[in-house]
Amino acid sequence: MRLRTPLALLGAAVLVLVGPPLLTTGSGTESGTQIPGLRFMVPNTPGGGYDITARTAAKNAEDAGLTHTVEVFNLPGAGGTVGLSRLVSEHGNGKLAMSMGLGVVGAVRSNDAPKTLADTTPIARLTEEQDVVVVGKDSPYKTIDDLIGAWKENPGKLPVGGGSSPGGPDHLAPMLMAKAAGIPPKQVNYIPFDGGGELLASILGNKVAFGVSGVGEYLDQIKSGELRLLAVTGPRRVAGLDAPTLQEAGYDVSFTNWRGIVAPPGLTEAERDKLVRLVEALHDSDEWRESMKRNGWDDAFLTGEEFGAFLDAEDKRVVSVLKELGL
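Residue numbers -24 to -1, 1 to 303, in mature numbering (1 follows the signal peptide of the UniProt record, and there is no 0), belong to the letters of the sequence shown in order.
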């Protein structure tokens, strides 16, 4: 609406000086991205992939001025399904979101969870990343061939740790590795941990022979020399890391993980759209692009109903792969 009179112009000036900035995109209005009191649930322990994703997204959104004071909290348990159940129970809460990924899809199946991702409001898929095959710095295994050679001799005596429940990415990746190496997946001694942060201590303490987790979770430990990187699971090498893909090493595996955001059921269209607008603005920010590069994440942005269709397809894929592996 155009202001035409001197009195109106004077009134507008007073509002600018003493009133709140009601017309900016950072105002919490329906046209902006501000969501006062937004909370971001992480359904596993600190230090895991969901945790790193959530805390990175929250900080980047704040640094970019998209929203303010996002609270990130952890609610671990049962591969993410404890957090999922809590999220679904928060019906109509437009100020709550949950970091999640393929691991939660698998955990719903392996734990026969009463609540599924179909009960949530899909917001966005954010990233895709490769898994890494790592051992402690004092491990006798120097190469991926060393490891798989020993693994083939006695699969049950070489426990592999992963930061997800059966059916999740850190479980599926070593099972596909085993199959490619001629090891029956049912003979694999897989030990699940509630996120990569919890797994790390067992790798460093030689409680497992090797670990499989997301590249972004262990970059610091790989670069510092605490962990030895033997291979990556995706279709190409990870920039800055000296390790072959499994395919380069002669094992026919190409596997990647993804992570995204869901919200409680029962949101109004306006509440859902505001969360989507926030992650769209986050996705387009310089802060997020830099974080993706630093963490070795690939862009896999997908929102709303398309993300919902993707979640349904991933559920079917997990079931198919588990059947194929005889698990």
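Glycine included, every Cβ here is placed at the ideal spot set by N, Cα and C.
Worksheet entry | Asp288 in three-state terms, based on DSSP | helix
Fill in: Which listed residue (Lys250, Arg253, Gly236) has its alpha carbon closest to that of Phe277
Gly236
Practice prompt. Starting from Val58, trace the alpha helix (DSSP H) both ways and give me its first and last residue.
Written response: Start and end: 57 to 65.
Discussion item. Within the continuous alpha helix (DSSP H) that includes Asp249, where are the two ends?
Written reply: 245 to 259
Item to complete: Confirm, please, whether the CB-CB distance from Gly56 to Asn19 is below 8 Å.
Response: The sequence given here has Pro at residue 19, not Asn. Cβ atoms of Pro19 and Gly56: closer than 8 Å.
Discussion item. Taking only three categories from DSSP, how would you classify Asp146?
Written reply: helix
Worksheet item: Start and end of the beta strand (DSSP E) containing Ser189?
Response: 186 to 190
Practice prompt. Taking only the alpha-carbon atoms, compute the straight-line gap between Leu104 and Gly201 and give it to the nearest angstrom.
Written response: Checking the displayed sequence, the identity of residue 104 turns out to be Glu instead of Leu. Near 25 Å, if we compare the C-alpha coordinates of Gly201 and Glu104.
Fill in: Reduced DSSP category for Asn182 - H, G, I as helix; E, B as strand; rest coil
coil
Discussion item. Let me confirm a value: Ala149 is counted as buried when at least 16 other C-beta atoms fall within 10 Å, else exposed. Which label applies?
Written reply: Of the other Cβ atoms in all chains shown, 16 or more fall within 10 Å of the Cβ of Ala149; this residue is therefore buried.
Discussion item. Distance check for Leu206 and Pro142, CA to CA, integer angstroms please.
Written reply: 22 Å
Worksheet item: What is the C-beta distance between Leu243 and Thr97, in whole angstroms, given that I count them as a contact (C-beta under 8 Å)?
Response: 5 Å
Fill in: Trp264 in three-state terms, based on DSSP
helix
Discussion item. Suppose the cutoff is 8 Å on Cβ atoms and the five residues either side in sequence are ignored; what does the same chain contact list for Lys128 look like?
Written reply: Correct list, in chain order: Ala157, Gly158, Ile159.
Worksheet item: Taking three-plus beta-carbon pairs below 8 Å as touching, is the segment 128 to 138 in contact with the segment 163 to 170?
Response: yes
Item to complete: Please go through the same chain and pick out, in chain order, the residues whose beta-carbon is closer than 7 Å to the beta-carbon of Gly280, but skip the five residues on each side of it.
Response: Pro98, Val252
Discussion item. Among the candidates Gln223, Trp264, Ala185, Val58, whose CA atom is the shortest distance from the CA of Leu152?
Written reply: The shortest C-alpha separation from Leu152 is found at Gln223.
Worksheet item: What are the partner residues of Tyr166, as DSSP defines its beta bridges?
Response: Val136
Discussion item. Looking at chain C, is there any beta carbon in it that lies within less than 8 Å of the beta carbon of Thr57?
Written reply: Structure shown: chain C not included; a single protein chain is present.
Practice prompt. From the DSSP output, in three-state form, read off Pro90 for me.
Written response: coil
Discussion item. What does the Cβ neighbour count give for Phe186, buried or exposed, with the cut at 16 atoms within 10 Å?
Written reply: buried
Discussion item. Classify Thr(-1): buried if its beta carbon has 16 or more other beta carbons within 10 angstroms, exposed otherwise.
Written reply: The pLDDT assigned to Thr(-1) is 36, lower than 50, so where the model puts this residue is not dependable; a value taken from the coordinates is nonetheless given after this. Under a 10 Å Cβ-count criterion, Thr(-1) is classified as exposed, with fewer than 16 other Cβ atoms of the shown protein chains found around its own Cβ.
Item to complete: Could you pull out every residue in the same chain whose Cβ sits closer than 7 Å to the Cβ of Gly302, ignoring the five residues on either side in sequence?
Response: Pro161, Lys162
Worksheet entry | Element boundaries [alpha helix (DSSP H), containing Ile11] | Careful: Ile11 lies outside any alpha helix (DSSP H) and carries neither H nor E.
Worksheet item: If Thr32 and Gly171 are in contact, beta carbons under 8 Å, what's the gap, nearest whole angstrom?
Response: Not really, about 15 Å apart at Cβ, beyond 8 Å.
Discussion item. Please state the DSSP three-state secondary structure of Ala40.
Written reply: Three-state result, Ala40: coil.
Worksheet item: Taking Cβ positions, are Gly25 and Gly190 nearer each other than 8 Å?
Response: yes
Discussion item. Closer than 8 Å is the cut-off here; do at least three beta carbon pairs connect the segment 226 to 234 with the segment 246 to 261?
Written reply: Contact between the segment 226 to 234 and the segment 246 to 261 is absent, with fewer than three C-beta pairs closer than 8 Å.
Worksheet item: Apart from the five residues just before and just after Ser267, which ones in its own chain have a Cβ nearer than 7 Å to its Cβ?
Response: Cβ neighbours of Ser267 within its own chain (closer than 7 Å, five residues either side excluded): Thr32, Asn36.
Practice prompt. Compare the beta carbon distance of Ala219 and Ala73 with 8 Å and say whether it is the shorter of the two.
Written response: With respect to the 8 Å criterion, Ala219 and Ala73 are not classified as neighbours on the basis of their beta carbons.
Worksheet entry | Supposed contact pair Thr29 and Leu102 - C-beta distance, whole angstroms, cut 8 Å | For a cut-off of 8 Å, the C-beta gap from Leu102 to Thr29 is around 7 Å, short enough to register as a contact.
Item to complete: Could you spell out the range, first to last residue, of the beta strand (DSSP E) harbouring Trp234?
Response: 232 to 239
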